[in-house]
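Student:
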Amino acid sequence: MQTKGTLQDMLNISFPLIMAPMFLVSNKEMIKAGMRGGIMSIFPSLNFRKKGELAGILDELNAYHKENLNGNYGVNLIVQATNPYYKEHLNICASKKVPFYITSLGNPKEVIEIAHSYGAKVFCDVTTMAHAQKCFDENCDGFIAVGQGAGGHAGPNPLQVLVPALKSSFTSKPVIAAGGIVSGQGLLSVKVLGAQGASIGTRFIASKECSVTENYKQAILKAGMDDIVMTTKLSGSPCTIINTPEAQKMGYSQSWFEKAMSNNPRTKKWFKSLVQLRGMKKLEQSVLPNNYNRLWCAGKSAELITEILSCETIISQIKDEYDSALKAIGKESAM
Ligand SMILES: Cc1cc2nc3c(=O)[nH]c(=O)nc-3n(C[C@H](O)[C@H](O)[C@H](O)COP(=O)(O)O)c2cc1C
Numbered sequence: 028m029q030t031k032g033t034l035q036d037m038l039n040i041s042f043p044l045i046m047a048p049m050f051l052v053s054n055k056e057m058i059k060a061g062m063r064g065g066i067m068s069i070f071p072s073l074n075f076r077k078k079g080e081l082a083g084i085l086d087e088l089n090a091y092h093k094e095n096l097n098g099n100y101g102v103n104l105i106v107q108a109t110n111p112y113y114k115e116h117l118n119i120c121a122s123k124k125v126p127f128y129i130t131s132l133g134n135p136k137e138v139i140e141i142a143h144s145y146g147a148k149v150f151c152d153v154t155t156m157a158h159a160q161k162c163f164d165e166n167c168d169g170f171i172a173v174g175q176g177a178g179g180h181a182g183p184n185p186l187q188v189l190v191p192a193l194k195s196s197f198t199s200k201p202v203i204a205a206g207g208i209v210s211g212q213g214l215l216s217v218k219v220l221g222a223q224g225a226s227i228g229t230r231f232i233a234s235k236e237c238s239v240t241e242n243y244k245q246a247i248l249k250a251g252m253d254d255i256v257m258t259t260k261l262s263g264s265p266c267t268i269i270n271t272p273e274a275q276k277m278g279y280s281q282s283w284f285e286k287a288m289s290n291n292p293r294t295k296k297w298f299k300s301l302v303q304l305r306g307m308k309k310l311e312q313s314v315l316p317n318n319y320n321r322l323w324c325a326g327k328s329a330e331l332i333t334e335i336l337s338c339e340t341i342i343s344q345i346k347d348e349y350d351s352a353l354k355a356i357g358k359e360s361a362m
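For reference, each letter of the sequence shown is one residue, going 28 to 362 in the numbering used here.
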């Protein structure tokens, strides 16, 4: 049910959940399943880098959305200068009138201006209050609070601090919590903290629609929270991966030389681009079918994931768990 003033109303969805954007992981079938399930499904534009691919998928999703108005879809743009596809992808998205964006890593100003010119909404990934302030100043519509242990570029701060801090500093902006959430209980817990919804990534890697290698999915089922480590070797920013022998061989932090090149104003831009390009290639060699490398990005929530299910089942389980958790809490407080 859509209620005035809620996140559901703002994003044209029927349940306050986001299927988080995942590089090399989010695919068309997952996005469509999310829309059918009444949630907001997001994919990174970088998953569709071949000529004509992004425009094609946007046409298909716009048509699919007309028949599945319970849910919605959006695109994640990496707004760093080191993303060579950024401008081209933003122009394509705007020409196809993408209804919702999540920006990550850089300054979202341009995306916000263009999106607002045709009524689309922009939420920004934030891990710190300083970054949130910049996004607020650029008039973002809301925040994705990315906390500790999240899959991908995890933040340094716990959600129990980040979410209430964002809510009290930016009272008018909705906050969606990301990191470590797999269930309806998890969603309810962040709503209690003041968030309007949750964004879930790692849980959806272990889904039937996801087209990564079976080994990657099995590794998520097997991994416990202590098997997830952070490395800056893949993109220059701290990123969570499963601690496989390949991850150990690659290492967890950049050498003094890499750090110096990334900080030097003259070499910074091209060196960071080079690191990111190299990292993308390494991940590609691990994630796509017929590859045997084991550099697999996943969050600490892997601890709680025990089954490969369809996206539809995952979403309906979360809805049921949310309702039961709400009732259980209600009963407790009445005692
Ligand atoms: C494999 C993988 C790839 C990711 N790629 C991106 C990405 O391209 N852009 C982005 O903004 N976030 C990315 N993320 C982060 C997710 O959007 C989301 O914030 C995170 O998965 C939430 O934490 P959880 O995995 O514990 O649910 C990625 C996460 C994973 C697990």
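By construction, the Cβ of each residue, glycine as well, lies at the ideal position given by its N, Cα and C atoms.
1) Using DSSP's beta-bridge definition, name the partner residues of Tyr128.
2) Short of 6 angstroms in beta carbon distance, which residues of its chain neighbour Met28, apart from the five on each side in sequence? Order them along the chain.
3) Is the beta carbon of Thr154 less than 8 angstroms from the beta carbon of Asn184?
4) Which partner residues of Ile255 appear in the DSSP bridge assignment?
5) Closest to Ile129 by C-alpha separation, out of Tyr145, Lys309, Cys151, would be which residue?
6) What's the gap between the Cα of Ile255 and the Cα of Arg321?
7) Going by DSSP, name the residue or residues bridged to Met67.
8) Check Gly179 in the structure and name its three-state DSSP category.
9) At a threshold of 7 angstroms, does Pro48 count as lining ligand 1 (C-beta to nearest heavy atom)?
10) Taking 8 angstroms as the threshold (C-beta atoms), are Ser68 and Gly61 in contact?
11) Could you check the C-alpha separation between Pro201 and Lys235 for me, to the nearest Å?
12) Does any heavy atom of ligand 1 sit closer than 7 angstroms to the C-beta of Cys338?
13) Kindly list the residues whose CB is nearer than 6 angstroms to the CB of Ile58, restricted to its own chain and excluding five residues on each side of it in sequence; keep chain order.
14) Starting from Cys324, follow its DSSP beta bridges and name the residues at the other end.
15) Going residue by residue through the segment 188-263, where are the continuous alpha helix (DSSP H) segments of at least 4 residues, counting only ones entirely within it?
16) Could you check if Arg305 is buried or exposed, using at least 16 other CB atoms within 10 Å of its CB as the buried criterion?
17) Return the CA-CA distance between Ile342 and Leu336, expressed in angstroms with no decimal places.
18) Would you grab the beta carbon distance between Cys338 and Phe231 for me? Rounded to a whole angstrom, and I think it's under 8 angstroms.
19) Drop a sphere of 10 angstroms on the beta-carbon of Ala222, count the other beta-carbons inside from all chains shown, and report buried for 16 or more, exposed for fewer.
20) Find out if the Cβ-Cβ distance for the pair Ala204, Val188 is shorter than 8 angstroms.
Tutor: Reading off the structure:
1) If you number the sequence shown from 1, residue 128 lands on position 101. DSSP output for Tyr128 lists Val102, Val149 as bridge partner(s).
2) Residue mapping note: residue 28 aligns to position 1 of the sequence shown, counting from 1. Only weak support exists for where Met28 lies, its pLDDT of 46 falling under 50; the value from the coordinates is given anyway. Taken in chain order, the list of residues that qualify is empty.
3) Within the sequence shown, numbered from 1, the residue matching residue 154 stands at position 127. Within the sequence shown, numbered from 1, the residue matching residue 184 stands at position 157. Contact flag set, yes.
4) Position 228 of the sequence shown holds residue 255. Answer is Ile269.
5) Here the question's residue 129 lines up with position 102 in the sequence shown. Considering only alpha carbons, the answer is Cys151.
6) Within the sequence shown, the letter at position 228 stands for residue 255. Within the sequence shown, the letter at position 294 stands for residue 321. Spanning the two alpha carbons is a distance of roughly 13 angstroms.
7) Along the sequence shown, one-based indexing puts residue 67 at 40. Answer is Ile45, Asn99, bridged to Met67.
8) The sequence position of residue 179 within the sequence shown is 152, counting from 1. Three-state result, Gly179: strand.
9) For the purposes of this step, residue 48 is taken as the residue at position 21 of the sequence shown. Correct: Pro48 has its Cβ closer than 7 angstroms to ligand 1.
10) Position 34 of the sequence shown, counted from the start, is the residue given in the question as residue 61. Position 41 of the sequence shown, counted from the start, is the residue given in the question as residue 68. It is a contact, given that the beta carbons lie within the stated cut-off.
11) Looking up residue 201 in the sequence shown gives position 174. Looking up residue 235 in the sequence shown gives position 208. Rounded to the nearest angstrom, the two C-alpha atoms are 31 angstroms apart.
12) Mapped onto the sequence shown, residue 338 falls at position 311. Cys338: no, Cβ never under 7 angstroms from ligand 1.
13) Mapped onto the sequence shown, residue 58 falls at position 31. Closer than 6 angstroms at Cβ, skipping near neighbours: Ser68, Phe70, Tyr100.
14) Mapped onto the sequence shown, residue 324 falls at position 297. Its beta-bridge partners are Ile268.
15) 211-219, 229-232, 241-249
16) For the purposes of this step, residue 305 is taken as residue 278 along the sequence shown, with counting starting at 1. Flag for Arg305 reads exposed.
17) Position 315 of the sequence shown, counted from the start, is the residue given in the question as residue 342. Position 309 of the sequence shown, counted from the start, is the residue given in the question as residue 336. Roughly 10 angstroms separates the two Cα atoms.
18) The count along the sequence shown starts at 1 and reaches residue 338 at position 311. The count along the sequence shown starts at 1 and reaches residue 231 at position 204. Their Cβ separation, rounded to whole angstroms, is 6 angstroms, which keeps Cys338 and Phe231 in contact under 8 angstroms.
19) Numbered from its first residue, the sequence shown carries residue 222 at position 195. Answer is buried; the Cβ neighbour count reaches 16.
20) Sequence index remark: in the sequence shown, residue 204 carries index 177 (1-based). Sequence index remark: in the sequence shown, residue 188 carries index 161 (1-based). No; because the gap between Cβ atoms is not below 8 angstroms, this pair is not in contact.
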